[in-house]
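Under this note's numbering, the very last position in the sequence shown is 272; numbers go up by exactly one each time. Note that CB positions come from ideal geometry on N, CA and C, so glycine has one too. Here the structure is a predicted model, which is why all the values come from computation and not from measurement. All remarks here apply to the structure that follows.
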Amino acid sequence: MTTSPTLRRGQEADLPRVLALIQELAAYERAPDAVTNTLEMMRHDGFGPAPIFGFFVLENGDDLIGLALFYTAYSTWKGRMMFLEDLVVTEAARRGGYGRLLFDAVVAEAQRTGAQRMKWQVLDWNEPAIAFYKKLGATIEGEWLNGNLSAEELRAYRFAGQA
């Protein structure tokens, strides 16, 4: 990298490159076919009448080299919290301090919005990411398991009293 990347809040025009970074992350996380999100969904969810996520990008010239996507969530125990959904730095730009810049931006957003805590997930085999977060002073929990219903499972869900 010959120039310093620019950190800025993401814009709707960034979404095609953001989706490409999300797909790159899915491939790294050994789930390349798991991304079913689309540009249309991201436009609606991020820039429609009721946006539900925000993001920061790192740009180097015309290249998007990093992404931090986040949203506000709520904890019944703590109140408002920030959830970091994805933190991605392109493979070529890793180990340049860019992950820290993106993480810092989300922490600043959490502080600005009055979040009482910040959460994210990391795969148990992703030792570089675990080491990165620990270096920043984060606690990596091991006792909570995640529950999920896929889109198909949501459609097929049987409510109480349904035959």
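According to DSSP, is residue i part of a helix, a strand, or is it coil?
i, result
"Ala224", "coil"
"Glu121", "helix"
"Leu254", "coil"
"Tyr207", "helix"
"Val231", "coil"
"Asp273", "This structure leaves residue 273 out entirely; the chain is present only between 110 and 272."
"Ala260", "helix"
"Phe156", "helix"
Once you ignore the five residues that flank residue i on each side, which residues in its own chain have a CB closer than 8 Å to its CB?
i, result
"Val127", "Gly119, Met151, Phe164, Val166, Leu173, Leu176 and Leu178"
"Tyr266", "Leu258"
Restricting to Cα atoms, I'd like to know which of the options is closest to residue i.
i, options, result
"Glu194", "Gly188, Arg203 and Ala182", "Ala182"
"Arg203", "Asp171, Trp229, Phe192 and Ala238", "Ala238"
"Leu232", "Asn255, Leu210, Ala217 and Val215", "Asn255"
"His153", "Ala136, Ala122 and Ala143", "Ala122"
"Arg139", "Leu258, Pro158, Asn235 and Tyr266", "Asn235"
"Thr147", "Ile131, Val215 and Ala217", "Ile131"
"Ala247", "Glu200, Ser259 and Arg209", "Arg209"
Would you call the CB atoms of residue i and residue j closer than 7 Å?
i, j, result
"Val197", "Leu134", "yes"
"Gln288", "Lys187", "Only positions 110 to 272 of the chain appear in this structure, which leaves residue 288 out of reach."
"Thr115", "Glu168", "yes"
"Lys228", "Phe192", "yes"
"Phe162", "Tyr180", "yes"
"Arg189", "Gly223", "yes"
For residue i and residue j, which I take to be in contact (beta-carbon distance under 8 Å), what is that distance rounded to the nearest angstrom?
i, j, result
"Thr112", "Gly170", "7 Å"
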